[in-house]
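Only one structure is covered here, and it is reproduced in the block below.
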Amino acid sequence: MNEAVRADSNIIVRAFFYSLAFLLVAGGIGVGIWFWVASASGDVDQITEFDSISPEPVPDPRSVVQVPKVRFVDVTKEAGIDFVHESGADGRKLLPEIMTAGVALFDYDNDGDLDIFFANFAPWPSSSRAATDRPTQALYRNDGNWRFTNVTKEAGLDVTMHALGVAVGDYDNDGWNDLYVSALLGEARMFRNLGNGRFEDVTDRVGLRAPPEEFQTSCGFLDYDRDGDLDLFVCRYVVWNEEINESLFFRLENGVRGMVNPRQFAGTHCRLFRNDDGVFSDVSQEAGIEVNNLQGKPLGKALGVVFLDVNRDGWCDIVVANDTVRNFLFLNQQDGTFREVGQEYQVAFGPYGIARSGMGIDAADFRNNGTLGIAVGNFSGEMTGLFVSKPGSHVFSDEAMVAGLGVPTTKPLTFGVCFFDYDLDGWLDFAQANGHVEPDIAATEEDLTYPQPPQLFWNCGPMSRKAQCDFIEVKPEDSGPDFFKPIVGRGIVAGDLDGDGDLDVVITGIGSAPRVLRNDQQLGHHWLRLHLVGKHCNRNAYGAEVTLTAGKLRQWRCVSATRSYLSQCESTLTFGLGKYQGEVQLEITWPCGKKQSLTIDKLDQLLRIEEPE
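When you line the sequence shown up against the working numbering, it's residues 6 to 618, in that order.
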């Protein structure tokens with residue numbers, strides 16, 4: 006099965022359109038071809054249902070609906086953020102080199118504004134650079150007025166490690182956000198926030214020392230057992246080491262060594278760690294997190310994870326994006342265990358019944374109608390997945406094409422994905438970070454590049470019927486050129502970095518500086534931001550749900566930082582209200598199940614809401 010990256014891009018692109026043509030001409034013939042290709046890999050399971058895609062042409066939505074003018078401005082340099090990501094690349098093209106670059110937005114010093122943490126990689130131990138090049142993680146303190154200060158060393162985070170992702174959460178409920186940093190080579194770390202501007206490495210003390218063979222990716226905190234403290238979920242990718250990687254050597258069509266296809270590596274299990282008074286226990290097996298293939302071997306190749314209550318029973322579920330094997334949906338059984346129902350709920354496969362190359366993931370009620378949308382970034386030639394629950398049901402169907410994401414997202418290779426309301430009109434928009442995995446892809450594919458433009462999609466909201474789609478792709482003439490400059494994109498996160506109520510964006514890139522984008526919207530839209538603080542539940546209030554009603558507009562949000570790819574968005578909730586100026590009603594369901602109702606008559610403010618006694 007292994008070929009050069011051409012097999013991961015050009016052939017997939019052609020196969021997509023060929024299969025679509027076959028579907029239109031001969032129905033089952035195209036589907037049969039896809040099933041044959043999928044089963045030949047040995048990594049995916051077949052299913053018997055698929056969602057057809059309508060071939061009927063639709064009008065250009067931009068001809069009937071006007072996209073708002075909201076400018077994003079690159080302020081990275083002027084803000085004092087001089088971080089440059091280290092990929093570790095030394096010419097051997099080892100797989101992890103193109104899978105890194107997590108980022109987190111969080112308030113580490115409790116001063117009320119968002120700071121930025123960048124996860125950083127390092128040269129390989131076998132590299133000649135290892136002894137002299139010692140890149141560290143990076144923490145930038147927000148000093149206000151778009152000025153950030155590098156406080157990595159004084160914070161105790163000047164640690165060199167082969168880091169990939171990051172999780173933010175107050176695991177000991179002391180009021181200070183802690184960090185878990187996922188990594189290779191057994192170098193993952195738990196950093197406890199001491200509350201004095203410094204972090205302490207407590208990895209061994211809390212029982213989270215990882216074995217050297219683990220290839221950890223995205224990670225996040227959640228309270229899956231509703232006991233009031235945060236547990237930890239860690240995605241693991243494949244069985245990997247340098248020797249395995251180099252034994253799979255191959256060349257591109259032009260003779261250059263290419264990146265190895267992940268299908269060539271064996272899968273692994275994700276890990277769930279239960280928090281027992283500040284010490285973590287691995288409960289993956291007993292909790293039902295370990296999923297095997299038909300041969301009884303680990304199936305997963307996990308890259309992205311998101312936490313939310315999928316079936317609305319009051320307990321947090323887990324959705325995992327897998328690369329080249331089916332996605333997982335772990336349904337919480339309310340007794341400390343989970344049941345994997347990805348195929349049953351139809352989020353496991355793409356619309357042709359085969360697994361895609363799942364990278365980053367996010368989930369939201371983007372239609373404001375109680376249905377849930379789960380977005381998954383995929384490989385070039387595989388459109389971004391948009392699994393939407395059917396009204397009155399927990400079963401999903403991939404609606405990327407009808408929603409307006411299908412065609413524009415087919416060519417790019419997508420990692421991070423993120424729902425956020427960038428124009429504050431009350432409807433969640435969508436963005437994704439793109440970038441290829443093959444540095445030399447342009448030498449063999451003239452229409453593909455290694456750095457690729459990020460994409461931004463505006464949610465039409467009430468005008469979706471007129472536009473005949475939910476999302477319209479935003480162009481540089483709508484939001485300025487800075488957002489769309491090519492980057493080998495990986496993480497993409499949103500948060501209010503300057504306290505003005507609208508959401509700014511940070512995008513990370515492989516081997517490059519990040520991009521910090523200031524949102525300069527001036528539409529006169531109102532907003533309300535909510536920062537929830539748990540008392541009896543976990544202090545971050547992860548898992549809390551908020552429904553806001555403003556006139557006829559109803560919005561639903563779930564508190565969670567873990568989104569995108571390897572990254573963490575801010576956990577404060579932002580509700581755009583458009584031109585609405587009246588009272589709003591809030592219905593809060595706290596993670597322990599307690600309900601709270603509030604009426605708010607003042608808009609354009611950040612509210613801190615504590616869990617009632």
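Yeah, the Cβ is synthetic: ideal placement off N, Cα and C, and Gly gets one too. Computed from a prediction, not measured in an experiment: that's the story for all the values here.
Each residue's CA atom was taken as its position, placing Asp-426 and Gly-506 some 11 Å apart. With respect to the C-alpha of Asn-374, the residue from Trp-561, Ser-131, Phe-285 and Arg-97 having the closest C-alpha is Trp-561. The three-state reading of DSSP puts Phe-196 in strand, counting E and B together. Shown here, Pro-456 sits in a strand according to DSSP, grouped into three states. Pairing Val-72 with Trp-463 gives a Cβ-Cβ distance under 8 Å. Of the residues Val-311, Gln-457 and Ile-294, the one whose Cα lies closest to the Cα of Pro-303 is Ile-294.
Counting along the chain, Glu-482 sits inside no beta strand (DSSP E); it lies in the alpha helix (DSSP H) bounded by residues 481-484. Here the stretch 563-581 lies against the stretch 205-225, with 3 or more beta-carbon pairs under 8 Å apart.
Relative to the Cα of Gly-174, the nearest Cα in the group Ala-136, Phe-226, Arg-134 and Asp-206 belongs to Phe-226. For Glu-387, the three-state secondary structure derived from DSSP is coil. Taking each of Glu-387, Tyr-229, Phe-278 and Thr-154 in turn and checking the Cα distance to Met-406, the smallest one comes out for Glu-387.
Only residues of its own chain outside the window of five on either side were considered, and among them Gln-590 have a CB closer than 6 Å to the CB of Thr-554, listed in chain order. Within the same chain, and ignoring the five residues on either side of Ala-408 in sequence, the residues whose Cβ sits closer than 7 Å to its Cβ are Leu-391, Cys-474, Asp-475 and Phe-476. With a 10 Å radius around the Cβ and a threshold of 16 neighbouring Cβ atoms, Pro-481 comes out exposed. For Arg-361, the secondary structure class from DSSP, reduced to helix, strand or coil, is coil.
Glu-478 carries a strand assignment under DSSP once its states are collapsed to helix, strand and coil.
The criterion of a C-beta distance shorter than 8 Å is not satisfied by Tyr-357 and Ala-307. In this structure Val-346 is in contact with Leu-336, their Cβ atoms being roughly 5 Å apart against a cut-off of 8 Å.
Spatial neighbours of Ala-271 in its own chain (CB-CB distance under 8 Å, excluding positions within 5 residues in sequence) are listed in chain order as Val-243, Val-244, Lys-302 and Pro-303.
Residue state for Phe-255 is assigned as coil, using DSSP reduced to three classes. Residue state for Asn-155 is assigned as strand, using DSSP reduced to three classes. Around the beta carbon of Glu-192, 16 or more other beta carbons sit within 10 angstroms, so the residue counts as buried.
Asn-147 sits buried, since 16 or more C-beta atoms from the chains shown fall within 10 Å of its C-beta.
The beta carbon of Pro-216 sits closer than 8 Å to those of Gly-191, all from its chain and outside the five residues before and after it, given in chain order. Per the DSSP secondary-structure output, Thr-604 pairs in a beta bridge with Gln-590. Taking Arg-361 as the centre and dropping the five residues before and after it, the same chain places the C-beta of Gly-355, Asn-383 and Glu-387 closer than 6 Å to its C-beta, in chain order. The alpha-carbon of Val-75 is positioned some 26 Å away from that of Leu-377. The alpha carbon of Thr-449 has as its nearest neighbour, out of Leu-461, Cys-423 and Glu-258, the alpha carbon of Glu-258. For Ala-518, no beta strand (DSSP E) encloses it, and the DSSP letter there is neither H nor E. If you look at Gln-527, you'll find it isn't in any beta strand (DSSP E); DSSP assigns it neither H nor E. Comparing alpha carbon positions, the residue from Leu-144, Ala-143 and Trp-129 closest to Thr-137 is Trp-129. Here Gln-457 has Pro-417, Asn-439, Gly-440 and Pro-491 as same chain residues with Cβ atoms under 6 Å from its own Cβ, once five neighbours each way along the sequence are excluded. An exposed status is given to Gln-290, since fewer than 16 other beta-carbon atoms sit within 10 Å of its beta-carbon. Short of 7 Å from the beta carbon of Pro-396, and not among the five residues preceding or following it, lie these beta carbons of its own chain, in chain order: Thr-376. As DSSP reads the structure, Trp-532 sits in a beta bridge with Gly-581. The three-state secondary structure of Gln-338, taken from DSSP, is coil.
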